[in-house]
Each structure stands twice: as C-alpha cells, then as structure tokens.
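Let me begin by presenting the structure, written as structure tokens, before commenting on it.
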Amino acid sequence: MGKKTESASASAVRAARAIVVTVGRLRRRIRSVNDAADITPSQASVLARLSKNGPTTASDLAAVEGVRPQSMATTVAALSRLGLVERHPDPEDGRKQRVTLTAPGRERAEGDREARHAWLTRALEERCTEDERQTVVAAMAVLEKLIGHEIDHE
Numbered sequence: 005m006g007k008k009t010e011s012a013s014a015s016a017v018r019a020a021r022a023i024v025v026t027v028g029r030l031r032r033r034i035r036s037v038n039d040a041a042d043i044t045p046s047q048a049s050v051l052a053r054l055s056k057n058g059p060t061t062a063s064d065l066a067a068v069e070g071v072r073p074q075s076m077a078t079t080v081a082a083l084s085r086l087g088l089v090e091r092h093p094d095p096e097d098g099r100k101q102r103v104t105l106t107a108p109g110r111e112r113a114e115g116d117r118e119a120r121h122a123w124l125t126r127a128l129e130e131r132c133t134e135d136e137r138q139t140v141v142a143a144m145a146v147l148e149k150l151i152g153h154e155i156d157h158e
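Here it is as structure tokens:
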C-alpha cells in the first residue's frame, strides 16, 4: 500500500510540475501574440481585466494582478496618457477613483483577445490532430476540476 501511495504522490508531483511549466509557457506565448511596442504586458493585462470585469479601483486592480498599489498607479497613469483608460471619482466613496476603459481601450482589449484566440485556434488546427484536440478538451476539464469550476466544452 505504501508503494502505491508513493507512486501516486510522485505522479502528482510530476503532473504539478508539468502543468506549471506548460501553462506558464503557453500563457507567455499567448500574451506575446499582440506584443506591441506601445504597451507593456502588465498594461495589456489591466486592459483585459477591465474589459472582462468592468470598472474598478486601482487598488483592487493591484490586488488581483498581484502587484503593489504604487506599481498599479504607474500602470494606470500610463494607460490614461495613452487614452485607453479614464479615472473617475467612485460614486460610493469620493476619495477613491474608479478606472474605466475608454472606447479605444475597449477596442484594444477586444482586438487583443480576438488575436490571441485566433492564434491559439490556428495553432491547434495546424499542429494537433483531431484526437489531440479532444485530449486538450478533456485535460481542460481536469484542470478546471483542480480549481473548482466546471466548464461546458460543447
């Protein structure tokens, strides 16, 4: 029995390492699809988050992005200078400012998302067999189980 537990534990360790490495590499590759000289990856991430979740404060953005509030303030200021976001007083707390996408910011975020999706779709189509694509779909269900969400793969 002990040997089976050790074997399962070793396979869990190998799987965890493989997931971390592969997901990290895939994430970096997908992010690089729309690498433009005018914005940084962290700025692109903020645009994507605002597009997905709507207006929020810079401090909330810092928390979910895992950066210091001062770093997020710099990121938001740069996006504001580029005309991609605006800051407005929070209606519930005038001391806070809510960050919102401008129309160009929304277009940029949507264009970036579409380009990343198109790249990944093309890569799956060109580099994987139908069976491999079905394996990817099945693997995603397993990964979603790890993070506590179920997804519809239809």
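In case it helps, my numbering puts the sequence shown at residues 5 to 158. Beta carbons: idealized from backbone N, C-alpha and C, even for Gly.
Requested in this report: Could you tell me which of Leu54, Ala143 and Met144 sits nearest to Pro108, measuring between CA atoms?
Outcome: Checking every option, the nearest Cα to that of Pro108 belongs to Leu54.
Query raised in the report: Out of curiosity, what's the CA-to-CA distance linking Ala77 and Leu51?
Result: 14 Å
Requested in this report: Check the C-beta distance from Thr79 over to Gln47 and give it rounded, since I have them as a contact under 8 Å.
Outcome: In this structure Thr79 is in contact with Gln47, their Cβ atoms being roughly 6 Å apart against a cut-off of 8 Å.
Query raised in the report: Glu90 bridges to which residues according to DSSP?
Result: Thr104
Report task. Figure out for me which residue from Arg29, Thr61, Ala16 and Glu136 has the closest Cα to the Cα of Gly98. Result -> Thr61
Query raised in the report: When you compare only the Cα positions, how much space is there between Arg33 and Thr125?
Result: 13 Å
Query - Close beta carbons around Trp123, own chain, < 8 Å, minus the five adjacent residues each side - result: Short of 8 Å from the beta carbon of Trp123, and not among the five residues preceding or following it, lie these beta carbons of its own chain, in chain order: Ile34 and Val37.
Query raised in the report: In or out: Leu88 buried (at least 16 other Cβ within 10 Å) or exposed?
Result: Burial of Leu88 is indicated by the presence of at least 16 other C-beta atoms within 10 angstroms of its C-beta.
**Report entry** Same chain only: Cβ atoms within 7 Å of Val27, ignoring 5 sequence neighbours per side
**Finding:** none
Requested in this report: Rounded to whole angstroms, what's the CA-CA distance from Met5 to Val17? Just pull it up for me.
Outcome: At Met5 the pLDDT is 43, less than 50, meaning the model places this residue with poor confidence; the figure from the coordinates comes in the next sentence. Distance between the alpha carbons of Met5 and Val17: 18 Å.
Query raised in the report: Around the C-beta of Ala20, are 16 or more other C-beta atoms found within 10 angstroms, so that it is buried, or is it exposed?
Result: With fewer than 16 other Cβ atoms within 10 Å, it is exposed.
Query raised in the report: For Gly115, which residues of its own chain have a beta-carbon under 8 Å away from its beta-carbon, when the five flanking residues on both sides are left out?
Result: Asn38
Requested in this report: Give the single residue among Leu105, Val68 and Gly152 whose Cα lies nearest to the Cα of Ala82.
Outcome: Leu105
Query raised in the report: Which two residues bound the contiguous alpha helix (DSSP H) that contains Ile43?
Result: Note, Ile43: premise wrong, no alpha helix (DSSP H); not H, not E.
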